[in-house]
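Peer 1: I have a structure I would like to understand better, so I am pasting it below and will then ask my questions one at a time.
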Amino acid sequence: MKEIVQTDSAPAAIGPYSQAVTFGNLVVTSGQIPLTPSGELVEGGITEQTEQVIANLRAVLTAAGTDLDRVVKTTVFLADMNEFAAMNAVYEAHFRAPYPARSTVQVARLPRDVRVEIEVLAERH
């Protein structure tokens, strides 16, 4: 049975979607952008924005009964692929080996003109 995940520790959905959905032991998050839980855009560059995105993912995964160590797949959307190395340095600080599978793509534009958005697929404990 599908269950909706919602937490006040991450920004609320700003459209007709859920922060995450669980189905059995599977957790699928919506893409997280660098908004604080109160909905404020994080100032700064790709480093600060990636830190906030991962904090949001951590909060949503915690609400779903799992954590970053149980992530099996990530998809990273970047506004500028030239910022890959800086994003990757933050990413590597939060994900440990064995690392999840990952796709990273440059997109024409992201919501609120942010630099990065990340979504994950994880297993619940």
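Residue numbers (my numbering): 4 to 128. All C-beta atoms, glycine included, are put in the ideal place defined by N, C-alpha and C. Just so you know, these numbers come straight off a predicted model, no measurement behind them.
Are the C-beta atoms of Ala-89 and some chain D residue less than 8 Å apart?
Peer 2: Structure shown: chain D not included; a single protein chain is present.
Peer 1: Please state whether the Cβ-Cβ distance between Arg-61 and Glu-126 is less than 8 Å.
Peer 2: No. Outside cutoff.
Peer 1: According to DSSP, Ile-121 sits in a beta bridge with which residue or residues?
Peer 2: In the DSSP output, where bridge partners are listed per residue, Ile-121 has Gln-35 and Val-79.
Peer 1: Give the straight-line distance between the Cα atoms of Asn-85 and Thr-107, rounded to the nearest whole angstrom.
Peer 2: Taking the straight line joining both Cα atoms gives about 12 Å.
Peer 1: Going by DSSP, what residue range makes up the alpha helix (DSSP H) through Ala-96?
Peer 2: 87–97
Peer 1: Does the distance from the CB of Pro-14 to the CB of Gly-42 come in under 8 Å?
Peer 2: yes
Peer 1: If you draw a straight line from the C-alpha of Val-63 to the C-alpha of Pro-114, how long is it?
Peer 2: 19 Å
Peer 1: Return the chain-ordered list of same chain residues with a C-beta closer than 8 Å to the C-beta of Thr-10, the five sequence neighbours on each side being excluded.
Peer 2: Residues of the same chain with a CB within less than 8 Å of the CB of Thr-10, apart from the 5 flanking positions on each side, are Gln-22, Ala-62, Val-63, Thr-65 and Ala-66 in chain order.
Peer 1: What does a CB cutoff of less than 8 Å around Thr-69 pick up in its chain, not counting 5 residues either side in sequence?
Peer 2: The beta carbon of Thr-69 sits closer than 8 Å to those of Val-30, Ala-125, Glu-126, Arg-127 and His-128, all from its chain and outside the five residues before and after it, given in chain order.
Peer 1: Between the Cα of Asp-83 and those of Ala-111, Gln-52, Val-56 and Leu-71, spot the shortest distance and give me the residue it belongs to.
Peer 2: For the options Ala-111, Gln-52, Val-56 and Leu-71, the alpha carbon positioned closest to that of Asp-83 is the one of Ala-111.
Peer 1: Roughly how far, in whole angstroms, is the beta-carbon of Val-93 from the beta-carbon of Thr-32, given that I think they are within contact range, below 8 Å?
Peer 2: The pair is not a contact, with the Cβ atoms about 17 Å apart (cut-off 8 Å).
Peer 1: Give a single yes or no on whether Ser-41 has its beta carbon closer than 7 Å to a heavy atom of the ligand HEM.
Peer 2: Although the ligand HEM was asked about, the structure shown includes no ligands whatsoever.
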